[in-house]
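Here's the structure we're looking at; comments come further down.
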Amino acid sequence: MARKLSKDRPPQGARLAELRKAAGLSQTELANLIDVPQQNIAYWEQAEKPPRSDVLPRLAEVLGVKVEQLLDVNASLKRHGGPVGKVRRVFEDVSRLPRRQQEKVVEFVSALVDQYKRSAG
Numbered sequence: 648m649a650r651k652l653s654k655d656r657p658p659q660g661a662r663l664a665e666l667r668k669a670a671g672l673s674q675t676e677l678a679n680l681i682d683v684p685q686q687n688i689a690y691w692e693q694a695e696k697p698p699r700s701d702v703l704p705r706l707a708e709v710l711g712v713k714v715e716q717l718l719d720v721n722a723s724l725k726r727h728g729g730p731v732g733k734v735r736r737v738f739e740d741v742s743r744l745p746r747r748q749q750e751k752v753v754e755f756v757s758a759l760v761d762q763y764k765r766s767a768g
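So that you can map any letter, position 22 of the sequence shown is 669 in the working numbering, and since no number is skipped, the others follow by simple counting.
Spelled out as structure tokens, the structure:
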């Protein structure tokens, strides 16, 4: 059963939780991507103490933001760089496929995107 979050969540913890959810990641998924225990993610989201300085760059990269945006609760949440979260993981998986299979995936995804644009337009 999910535990209710305290209304007194620290600003940095709330920021981390917001970024994680926006990236479409669970605490466990984020923990696996940055190679820390899931309990660390839960602690950082609930406690006043932010992640260690050696973890911040990996965390920012996975969440698609700058380190400063993780620490400064007044910073804009504008993302930088390409896809984040699940989309990024899928692209990383595709990049490990043989070139011919990559081409098929790109062709398929491109067709889906084109179809979406036509129906949304």
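Glycine included, each C-beta is placed from N, C-alpha and C at the ideal position.
What you are looking at is a predicted structure, and each value in this text was computed from that prediction instead of being measured.
- Residue environment analysis places Q686 among the exposed positions, since fewer than 16 neighbouring C-beta atoms fall within 10 angstroms of its C-beta.
- The residue from D701, F755, K696, R747 with its alpha-carbon nearest to that of I681 is D701.
- Taking all protein chains shown into account, R667 has 16 or more neighbouring C-beta atoms within 10 Å of its C-beta and is therefore buried.
- V734 is not a Cβ neighbour of V752, given a cutoff of 7 Å.
- Around the C-beta of G671, fewer than 16 other C-beta atoms lie within 10 Å, and the residue is accordingly described as exposed.
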